[in-house]
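K.L.:
Before we start, here is the structure in question, set down as structure tokens.
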Amino acid sequence: ENILAVLGGRPLDYLVINHMEPDHCGNIETIVRMFPKVTVVGNKKTFEFFKQYYSLDISQNALVVKEGDTINLGQHTLKFHMAPMVHWPEVMFTIEQKNGILFSADAFGSFGAHPGTIFADETDYDRTFLDETRRYYANIVGRYGSQVQTVLKRLPLESITMICPLHGPIWRKDIQYILDKYALWSTYTPEQNGVVLVYASMYGNTENAMNALANKLAERGIPDLRMYDVSKTHPSYIISDIWKYSHIVLASPTYNMHLYFPMESLLREMAALNVQNRSVALLGNHTWSSAAIKLMSGLLGTMKDIRFIGEPLDIHSSLKAEQEKELDALADAITQSYITHV
Numbered sequence: 015e016n017i018l019a020v021l022g023g024r025p026l027d028y029l030v031i032n033h034m035e036p037d038h039c040g041n042i043e044t045i046v047r048m049f050p051k052v053t054v055v056g057n058k059k060t061f062e063f064f065k066q067y068y069s070l071d072i073s074q075n076a077l078v079v080k081e082g083d084t085i086n087l088g089q090h091t092l093k094f095h096m097a098p099m100v101h102w103p104e105v106m107f108t109i110e111q112k113n114g115i116l117f118s119a120d121a122f123g124s125f126g127a128h129p130g131t132i133f134a135d136e137t138d139y140d141r142t143f144l145d146e147t148r149r150y151y152a153n154i155v156g157r158y159g160s161q162v163q164t165v166l167k168r169l170p171l172e173s174i175t176m177i178c179p180l181h182g183p184i185w186r187k188d189i190q191y192i193l194d195k196y197a198l199w200s201t202y203t204p205e206q207n208g209v210v211l212v213y214a215s216m217y218g219n220t221e222n223a224m225n226a227l228a229n230k231l232a233e234r235g236i237p238d239l240r241m242y243d244v245s246k247t248h249p250s251y252i253i254s255d256i257w258k259y260s261h262i263v264l265a266s267p268t269y270n271m272h273l274y275f276p277m278e279s280l281l282r283e284m285a286a287l288n289v290q291n292r293s294v295a296l297l298g299n300h301t302w303s304s305a306a307i308k309l310m311s312g313l314l315g316t317m318k319d320i321r322f323i324g325e326p327l328d329i330h331s332s333l334k335a336e337q338e339k340e341l342d343a344l345a346d347a348i349t350q351s352y353i354t355h356v
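Numbering (the working numbering), first residue to last: 15 to 356.
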């Protein structure tokens, strides 16, 4: 309906596909059937994916473009830049050259509903969108940092006056702000010093131990502490804070000689999203046979540049007074690492 309203009875001449993911392209077949003479613009991989999703033959409509190709529309010229794996193989960016408008597919996007405006500069962005933009980046694009770096180097950033992502608000002012965020996030460099404490607990004993550790860290002057129960919080929020902060503490009980499943799931998610360059401390719990610390260490060992802090603390069912010194030692090690990182 929106397309028909804009066209006002005119035919649609071009349909540019920057990204084939179905949340954006679920209506392509409908549009092509509605406008059978439309030229569909995409790259080679775009049309491979089109065939996988649809049975419609658009070979007569397809215009295959590659890096640097342009289409002259009269008053406007479109230039195409390939952005493979940001975050799908077929992704490309389109720049409308007259006005310097970048159509960036999923890049520079955000979770969250628009608060009555579609422009970033008309929001309190740091308060309204930054956390959701980080969560979007970490969980959607985060695995592909090197590809983001490549695209940032390739784009004519000095000529871009507006960024239109497929999710979240449009950028027309302070564009360097979001470019700088992507430049930082894509290097896996923490935004700031802080400790993310994540625990899994079946009966509350591991949670109690993590609370005791958090209190000791606060007493030692660490102001930025974020604590999550991995069984109750969606992993995307935990991953987002892991992207933001420099230090992680993970605590889990052993479960039938395996890692408690919610913690295992989080660690595998971290590995899949290419989490790296973080300082990590571990706390385990067991009643008759210990496995959690070893298994957490093994999964963390598949990630790049993970630095272990202090001696892991393994408690027996519940934290006892005789382990106070070990807990203090772990808190001291985390605090020293925190101070050194600053």
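In this text, a Cβ means the ideal position worked out from N, Cα and C, and glycines have one as well.
1) Report the three-state DSSP secondary structure of residue 56 (helix, strand or coil).
2) Rounded to a whole number of angstroms, what is the C-alpha to C-alpha distance between residue 134 and residue 255?
3) Grab me the residues of residue 338's own chain with a C-beta within less than 8 Å of its C-beta, minus the 5 sequence neighbours each way, in chain order.
4) Just list the residues that DSSP pairs residue 259 with in beta bridges.
5) Mind checking whether residue 215 and residue 265 have CB atoms under 9 Å apart?
6) Kindly give me the distance between the Cβ atoms of residue 282 and residue 313, rounded to whole angstroms, as I take these residues to be in contact under 8 Å.
7) Out of 126, 263 and 160, point me to the one whose CA is closest to residue 181's CA.
8) For residue 331 and residue 225, I'd like the C-alpha separation in whole angstroms.
9) Do three or more CB pairs link the stretch 317-336 to the stretch 236-248 at distances below 8 Å?
10) Could you tell me which residues DSSP puts in a beta bridge with residue 110?
11) Take the Cβ of residue 120 as the centre, count every other Cβ of all protein chains shown within 10 Å, and call the residue buried at 16 or more, exposed below.
12) Taking 6 Å as the limit between beta carbons, can you name the residues of its chain near residue 308, skipping five residues before and five after?
13) Could you compute how far the alpha carbon of residue 89 sits from the alpha carbon of residue 27?
14) Can you say whether residue 220 is buried or exposed, counting buried as having 16 or more other CB atoms within 10 angstroms of its CB?
15) Output the boundary residues of the beta strand (DSSP E) element that contains residue 353.
16) Comparing alpha-carbon positions, which option in 19, 160 and 72 lies nearest residue 50?
17) Please classify residue 253: does DSSP put it in a helix, a strand, or coil?
18) Just how far apart, CA to CA, sit residue 329 and residue 335?
19) Under the three-state reduction of DSSP, which class applies to residue 45: helix, strand or coil?
20) According to the Cβ coordinates, are residue 64 and residue 54 closer than 9 Å?
21) So the beta strand (DSSP E) residue 300 belongs to, where does it begin and stop?
22) If residue 253 and residue 113 are in contact, beta carbons under 8 Å, what's the gap, nearest whole angstrom?
23) List the whole-angstrom C-beta distance separating residue 76 from residue 61, where the pair is believed to meet the contact cut-off of C-beta under 8 Å.
24) If you count every other CB in all the chains shown that lies within 10 Å of the CB of residue 302, and 16 or more means buried, which is it?
25) Let me check understanding here. Comparing Cα to Cα, which of 244, 48 and 129 lies closest to residue 21?
26) If I follow the unbroken alpha helix (DSSP H) through residue 198, where does it start and stop?
27) Opposite residue 39 in the DSSP bridges: which residues?
28) Within 8 Å, do at least three Cβ pairs link the stretch 91-107 to the stretch 130-150?
29) Between residue 169 and residue 261, what straight-line distance do the alpha-carbon atoms span, to the nearest angstrom?
30) Below 8 Å on the Cβ atoms is my contact criterion, and I expect residue 78 with residue 58 to pass it. Report the Cβ-Cβ distance as a whole number of Å.
31) Exposed or buried, residue 270, counting other C-beta atoms within 10 Å across all chains shown (16 or more means buried)?
32) Specify, as a first and last residue, the run of the alpha helix (DSSP H) that residue 12 falls within.
P.N.:
The short version:
1) DSSP, read as helix, strand or coil, puts residue 56 in strand.
2) Distance between the alpha carbons of residue 134 and residue 255 is about 22 Å.
3) Excluding sequence neighbours, residue 338 sits near nothing in its chain.
4) According to DSSP, which records beta bridges pairwise, residue 259 is partnered with 206.
5) A contact, by the Cβ cut-off of 9 Å.
6) Right, the Cβ-Cβ distance comes to about 7 Å (below 8 Å), so this counts as a contact.
7) Of 126, 263 and 160, the smallest CA-CA separation from residue 181 is found for 126.
8) Their Cα atoms are separated by approximately 15 Å.
9) No, the stretch 317-336 does not touch the stretch 236-248.
10) The bridge partners DSSP lists for residue 110 are 92 and 115.
11) Residue 120 comes out buried.
12) Take residue 308, set aside five residues on each side of it, and no residue of its chain has a beta-carbon closer than 6 Å to its own.
13) About 14 Å.
14) Taking a 10 Å sphere around the C-beta of residue 220, we find 16 or more other C-beta atoms and assign the residue as buried.
15) Per DSSP, residue 353 is not a residue of any beta strand (DSSP E); the alpha helix (DSSP H) it occupies stretches across 338-355.
16) Out of 19, 160 and 72, 72 has the C-alpha closest to the C-alpha of residue 50.
17) Helix.
18) Their Cα atoms are separated by approximately 11 Å.
19) Correct three-state label for residue 45: helix.
20) In this structure, residue 54 lies closer than 9 Å to residue 64 by Cβ.
21) Where residue 300 is concerned, the enclosing beta strand (DSSP E) stretches over 292-300.
22) The C-beta distance from residue 253 to residue 113 rounds to 36 Å, too long to meet the 8 Å contact threshold.
23) Their Cβ separation, rounded to whole angstroms, is 6 Å, which keeps residue 76 and residue 61 in contact under 8 Å.
24) With fewer than 16 Cβ atoms within 10 Å of its Cβ, residue 302 is classed as exposed.
25) By alpha-carbon distance to residue 21, the top candidate from 244, 48 and 129 is 48.
26) Taken as a continuous stretch (DSSP letters only), the alpha helix (DSSP H) holding residue 198 covers 189-199.
27) In the DSSP assignment, residue 39 is bridged to no other residue.
28) Taking a cut-off of 8 Å on C-beta distances, the stretch 130-150 does not touch the stretch 91-107, as fewer than three cross pairs fall below it.
29) C-alpha of residue 169 to C-alpha of residue 261: approximately 33 Å in a straight line.
30) The C-beta distance from residue 78 to residue 58 rounds to 6 Å, short enough to meet the 8 Å contact threshold.
31) Around the beta carbon of residue 270, fewer than 16 other beta carbons lie within 10 angstroms, which makes this residue exposed.
32) Lying before the first or after the last residue shown, residue 12 is absent from the chain, which here runs from 15 to 356.
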